[in-house]
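The opening residue of the sequence shown carries number -16 in the working numbering; numbering runs sequentially from there.
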Amino acid sequence: MSARPHAPYPPLGARWGGLTVLARGANRLCALDPDDAGHCLKFELHPDERPAAGLRARLRRSLARRLPALGENATELRAWRHLRARIGSALDGWLAPCTGIVATRWGPALRCVLVRDADDAIARSLYAHLFEGTRSSPDSLCAAVDAMERELLAHDVPLFDLNAGNFVVAGSATQPRLVCVDAKSTLSGKEILPFSRWSRRLMHRKIRRRAGRLRQRIRAALADTPPPH
């Protein structure tokens, strides 16, 4: 297999404060909801638990600590509600629903519907499929990216953060289906002037470019992997 890149998630054990951890990103941790196996909880990490970042990211984190409405959870919830109001049930099957921010004994958390695969197992991230083993072929995973790209273009959704950690793989091994589990980039991005959100042509061009890059990463990661049985 190709050399494994630096993992997007800091090292973490399987438990956190008594919760079962499903994933950890640079700024948040996702755990199984102990009160409802059909949902997961996303917690914003303490500043000391986050990796070093550039000036703009540090400023954004500082503002979010003072104004929770600017935090990752609030931003993702707004993104979900905005898309749901605009697109409706057409989101079903490719964007995991958010149900709200809830108070827990571990602190405030964003509750989201937990995505499961065809075997009713908790869907693993695309990143896990690429670097921890998969039963899906590169072609089938790339076809799943194609399907996601079509949805984004059809509904003019400015989801530009198409990295493997932001998707889980549902469906079956032979017919995998990507589900986005983090849509906050539809509202919050790195552009100072978000022309790619204002212009449909620029938006579509950027979506196609990012989707193409994700397909390249899939093929590069699985280039030396034996065919699935």
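Don't be surprised by glycine CBs; every beta carbon is placed ideally from N, CA and C.
Please confirm whether residue i and residue j have their CB atoms less than 8 Å apart.
| i | j | result |
| --- | --- | --- |
| residue 201 | residue 125 | yes |
| residue 87 | residue 15 | no |
| residue 105 | residue 97 | yes |
| residue 150 | residue 162 | yes |
| residue 179 | residue 143 | yes |
On the premise that residue j lies in contact with residue i, defined as a C-beta separation below 8 Å, what is that separation, rounded to the nearest angstrom?
| i | j | result |
| --- | --- | --- |
| residue 66 | residue 128 | Wrong, their Cβ atoms sit about 19 Å apart, outside the cutoff. |
| residue 132 | residue 190 | 6 Å |
| residue 13 | residue 20 | At roughly 14 Å, the Cβ-Cβ gap does not stay under 8 Å, so residue 13 and residue 20 are not in contact. |
Output yes if chain C places a C-beta closer than 8 Å to the C-beta of residue i; else output no.
| i | result |
| --- | --- |
| residue 12 | Structure shown: chain C not included; a single protein chain is present. |
Report the three-state DSSP secondary structure of residue i (helix, strand or coil).
| i | result |
| --- | --- |
| residue 59 | helix |
| residue 11 | strand |
| residue 128 | helix |
| residue 117 | coil |
| residue 90 | strand |
By how many angstroms is the C-alpha of residue j removed from the C-alpha of residue i?
| i | j | result |
| --- | --- | --- |
| residue 187 | residue 0 | 42 Å |
| residue 147 | residue 2 | 24 Å |
| residue 99 | residue 138 | 24 Å |
| residue 60 | residue 102 | 28 Å |
| residue 118 | residue 157 | 8 Å |
| residue 75 | residue 63 | 12 Å |
| residue 8 | residue 26 | 10 Å |
| residue 122 | residue 159 | 10 Å |
What are the boundary residues of the beta strand (DSSP E) that includes residue i?
| i | result |
| --- | --- |
| residue 150 | 150 to 154 |
With respect to the alpha helix (DSSP H) encompassing residue i, which residues constitute its N-terminal and C-terminal limits?
| i | result |
| --- | --- |
| residue 84 | It is not in any alpha helix (DSSP H) - residue 84 instead sits in the beta strand (DSSP E) that spans 81 to 87. |
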